[in-house]
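Undergrad: Residues -17 to 299 in my numbering are what the sequence shown lists, from first letter to last.
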Amino acid sequence: MRRRDVVALIGGAAAWPLAARAQAYPTRPVRIISGFPAGSAADILARLVGLPLSQRIGQPVITEDRPGAGGNLATEFVVRLPPDGYTLLMAVVANAINVTLYPTNFNFVRDIQPVASIGSGDYPMVVNPSVPARTVPEFIAYAKANPGKVNMASPGNGTAPHVFGELFKIVTGVDLVHIPYRSSYMPDLLSGQVHVAFPPMPFAIAQIRAGKLRPLAVTGAQRSAALPDVPTVGESVPGYQADGWFGVVAPKGISAEIVKKLDSEINAVIADPTMQPRLLDLGISPRPMLPAEFGALIAADTEKWAKVIKVANIRAE
């Protein structure tokens, strides 16, 4: 055998185990970390996607909640791990907000690799039925006629419902008094102690359907499939758009092959006809996109919410 044939044979033999290992992923359970408590939208979605994903990849997919610091504890935990594809993060819009809000030992945009976009999370603008407004323009007029008397609830400073409301204040010029809550603000919203809020859809949809809260609009670019007759804020307030989103990210440095596999399998889960109505019922509109597109969305939202946080002078609690 000629020398060059021997070299080629040896080279091919050496490369084979590497290719085999790449194709074998995953060979053990995969974790999806949620930065929020059990029952949160991130936790529910991680579990909802995790079961069919485990069936597709042939390994258990385990959801693990690590709440704290607005999701930063979970994010730092994930970005410090080896980029081997066995620990992923359920990323949400709060991660983009937190970049400006909190000093951290990591950079969310720089230290993660987008893997798969799951969908956009709808946030309705809701009022207590005692508020004499049935449309966004009517609400703006009511708030301007009662400056400093309309209370806006949120689950805390710098949360998505808070910054979505602050953007509304900036764009419309209304004076809403922000009331941050450490526990649920829903009882006070239902009783009329506070008047308006921008909650995630899963948190409010039951109360909306029961007629206990009145939806004036949804904050995203498109109407929600969960509330198809409710307009977007932007339909009456040009320039307003506040999208929630969910997706899977991994530590920077994960191989392109693993990203491609996970992206493909997660997209297949989302596209399943049995999954779509379950996502829509949670107020999550499926929105698959390439990892690079998902990364561009994360970067753009990080910049957008940084501006809102600075203009509104928001400080973390």
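All C-beta atoms in this analysis are idealised placements derived from N, C-alpha and C, irrespective of residue type, glycine included.
In this text, all values refer to a predicted model and were calculated from it rather than measured experimentally.
Where do the N-terminal and C-terminal ends of the alpha helix (DSSP H) with Ser246 fall, by residue?
TA: Ala238 to Ala253 is the extent of the alpha helix (DSSP H) around Ser246.
Undergrad: In the DSSP output, what is Asp47 paired with across the bridge?
TA: Answer is Ser16, bridged to Asp47.
Undergrad: Within the chosen definition, does the segment 162 to 170 reach the segment 74 to 84 through at least 3 CB pairs nearer than 8 Å?
TA: They do not touch, by the three-pair rule.
Undergrad: Going by the CB atoms, is the gap between Ala76 and Gly103 shorter than 7 Å?
TA: Taking 7 Å as the Cβ cut-off, Gly103 and Ala76 do not qualify as a contacting pair.
Undergrad: Comparing alpha-carbon positions, which option in Gly50, Asn54, Pro49 and Val31 lies nearest Val43?
TA: Here the closest residue by C-alpha is Val31.
Undergrad: Taking only three categories from DSSP, how would you classify Gly229?
TA: Strand at Gly229.
Undergrad: Which same chain residues end up closer than 6 Å to Phe276 when comparing Cβ atoms and leaving out the 5 residues on each side of it in sequence?
TA: Answer for Phe276: Pro96, Ser99 and Gly229, listed in chain order.
Undergrad: On a CA-only basis, which of Val219, Ala56, Trp227 and Ile190 is nearest Asp211? Give me that one, please.
TA: The residue with the shortest Cα to Cα distance from Asp211 is Ile190.
Undergrad: What are the complete alpha helix (DSSP H) segments, minimum 4 residues, inside the segment 152 to 209?
TA: Runs found: 168 to 173 and 183 to 191.
Undergrad: Taking the alpha carbon of Gln258 as the reference point, which residue from Gly193, Gly235, Arg116 and Gly101 has its own alpha carbon closest?
TA: The shortest C-alpha separation from Gln258 is found at Gly101.
Undergrad: In this structure, what does DSSP give as the bridge partners for Ile94?
TA: BP columns for Ile94 point to Pro233.
Undergrad: For Ile39, does the three-state DSSP call read helix, strand or coil?
TA: DSSP places Ile39 in helix when its eight states are reduced to three.
Undergrad: How many whole angstroms separate the CB atoms of Tyr105 and Pro49, which I take to be in contact at a CB cut-off of 8 Å?
TA: That pair is no contact at about 20 Å.
Undergrad: From Lys194 to Ile252, what distance separates their C-alpha atoms?
TA: Cα-Cα distance, rounded: 31 Å.
Undergrad: If we count Cβ pairs, one from each stretch, closer than 8 Å, do we get three or more for the segment 138 to 146 versus the segment 234 to 249?
TA: No: fewer than three Cβ pairs fall under 8 Å.
Undergrad: Go through its chain and collect everything with a Cβ distance to Asn54's Cβ below 8 Å, but skip five positions before and after it.
TA: For Asn54, where only same-chain residues beyond five positions count, the Cβ hits under 8 Å are Gly17, Asn80, Tyr84 and Thr86.
Undergrad: Looking at Arg13: is its Cβ nearer than 7 Å to the Cβ of Glu46?
TA: Yes.
Undergrad: In three-state terms, what does DSSP make of Asn133?
TA: Strand.
Undergrad: Which value, in whole angstroms, describes the spacing of the CA atoms of Gly235 and Asp25?
TA: Approximately 25 Å between the Cα atoms of the pair.
Undergrad: Suppose you measure from the CA of Ala4 to the CA of Pro34; what does that come to, to the nearest Å?
TA: The predicted model places Ala4 with a pLDDT of 48, which falls under 50 and marks its position as unreliable, so this point remains unresolved.
Undergrad: With respect to the beta strand (DSSP E) encompassing Val74, which residues constitute its N-terminal and C-terminal limits?
TA: Its beta strand (DSSP E) spans residues Thr69 to Val74.
Undergrad: Give the DSSP bridge partners of Thr214, in chain order.
TA: Answer is Val200.
Undergrad: With H, G and I counted as helix, E and B as strand and the rest as coil, what does DSSP make of Pro268?
TA: DSSP places Pro268 in strand when its eight states are reduced to three.
Undergrad: Would you call Pro114 buried or exposed, if buried means 16 or more other Cβ atoms sit within 10 Å of its Cβ?
TA: With fewer than 16 other Cβ atoms within 10 Å, it is exposed.
Undergrad: Helix, strand or coil for Gly138 per DSSP?
TA: Reduced to three states, the DSSP call for Gly138 is coil.
Undergrad: Indicate the three-state DSSP secondary structure (helix, strand or coil) for Val109 in the structure shown.
TA: Strand.
Undergrad: With respect to the alpha helix (DSSP H) encompassing Gln258, which residues constitute its N-terminal and C-terminal limits?
TA: It spans Gln258 to Asp263 - the alpha helix (DSSP H) in which Gln258 sits, taken as one unbroken run.
Undergrad: Determine the direct distance from the alpha carbon of Leu279 to that of Met107, and round the result to whole angstroms.
TA: Whole-angstrom Cα-Cα distance: 23 Å.
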